[in-house]
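*Asks:* Under my numbering, think of the first position of the sequence shown as 2, with each following residue one higher.
The structure's right below; bear with me while I get my questions together.
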Amino acid sequence: MHITIRQLQVFEAVARHLSYTRAAEELHLTQPAVSMQIKQMESSIGLPMFEQIGKKIYRTQAGDAMLVHARTIMQHLGAASEEMNDLRGEDSGRLRVAIASTVNYFATQLLADFAKENPAVEISLDVTNRESLLSRLEANLPDLVLMGKPPG
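Shown next as structure tokens:
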């Protein structure tokens with residue numbers, strides 16, 4: 002069995018979203034490229050990872066089992082990458098930022114500067130409304146929330 006890291010990344014995204022289209026959008030790939038990666042992976046393994054019923058896709062038993070391993074492998078690769086960055090003296094990791102649309106311009110400028118100074122840090126940005134920000138903050142989802150002063 003020969004599976005590439007890219008195939009594991011694509012598989013994990015499809016398995017999480019249960020959608021080739023949403024996985025393609027997340028990974029900045031075309032939907033046919035995602036389908037090709039999954040077909041090559043399934044061919045190498047000799048088992049289908051997904052089955053389609055109507056317009057929906059579902060993970061097979063093999064897909065469920067592979068998802069557990071894919072996530073473990075991706076976590077180990079991320080940890081190895083962070084450790085190597087630490088050994089090189091680079092800041093690394095992931096920064097999840099949620100911002101109110103009212104501070105979009107100001108925040109994106111700050112994040113762009115931060116990204117230039119910290120290229121090994123992966124930044125995810127969610128621009129949304131104040132109500133959604135507060136619920137995400139209560140759930141401890143973002144690492145950083147930026148919004149204007151509350152009315153009152």
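Every residue, glycine too, gets a C-beta built ideally from N, C-alpha and C.
Here the structure is a predicted model, which is why all the values come from computation and not from measurement.
Does tyrosine 21 pass the burial test, meaning 16 or more other C-beta atoms within 10 Å, or should it be called exposed?
*Replies:* The residue is buried, with at least 16 neighbouring Cβ atoms inside 10 Å.
*Asks:* Would you say the beta carbon of threonine 73 comes nearer than 7 Å to a heavy atom of the ligand HEM?
*Replies:* As for the ligand HEM, it is missing from this structure, which has no ligand bound.
*Asks:* Mapping the DSSP letters down to three states, classify leucine 145 as helix, strand or coil.
*Replies:* DSSP places leucine 145 in strand when its eight states are reduced to three.
*Asks:* Give me whichever residues DSSP pairs with tyrosine 59 in a beta bridge.
*Replies:* According to DSSP, which records beta bridges pairwise, tyrosine 59 is partnered with Glu52.
*Asks:* Nearest-angstrom Cα distance between proline 143 and leucine 96?
*Replies:* In a straight line, the C-alpha of proline 143 is about 8 Å away from that of leucine 96.
*Asks:* By alpha-carbon positions, which one of Gly149, Gln10, Lys150 ends up nearest to histidine 77?
*Replies:* Looking at the Cα atoms, Gln10 is the closest of the given residues.
*Asks:* For alanine 99, count neighbouring Cβ atoms within 10 angstroms of its own Cβ and tell me buried if that reaches 16, exposed if not.
*Replies:* Buried is the call here.
*Asks:* Going by the DSSP bridge assignment, what does serine 125 pair with across the sheet?
*Replies:* DSSP lists Arg97 as partners of serine 125.
*Asks:* Just the Cα atoms here: how many angstroms apart are isoleucine 39 and leucine 147?
*Replies:* If you take the alpha carbons of isoleucine 39 and leucine 147, they lie about 38 Å apart.
*Asks:* With isoleucine 58 and leucine 19 assumed to form a contact (beta carbons below 8 Å), what rounded beta-carbon distance in angstroms separates them?
*Replies:* Indeed they touch by this definition, with Cβ atoms about 6 Å apart.
*Asks:* If contact is defined by three or more beta carbon pairs under 8 Å, each pair taking one atom from either stretch, is the stretch 130-137 in contact with the stretch 100-108?
*Replies:* Touching, yes, given that three or more Cβ pairs across the two stretches are closer than 8 Å.
*Asks:* Name the two residues that bound the continuous alpha helix (DSSP H) containing asparagine 105.
*Replies:* Run containing asparagine 105: 105-118, per the alpha helix (DSSP H) assignment.
*Asks:* Exposed or buried, what is methionine 67 when buried is set at 16 or more other beta-carbons lying within 10 Å of its beta-carbon?
*Replies:* The residue is buried, with at least 16 neighbouring Cβ atoms inside 10 Å.
*Asks:* With 16 as the cutoff for other CB atoms within 10 Å, does alanine 71 come out buried or exposed?
*Replies:* Label assigned to alanine 71: buried.
*Asks:* Going by the CB atoms, is the gap between serine 45 and isoleucine 4 shorter than 8 Å?
*Replies:* Yes, these two residues count as a Cβ contact at 8 Å.
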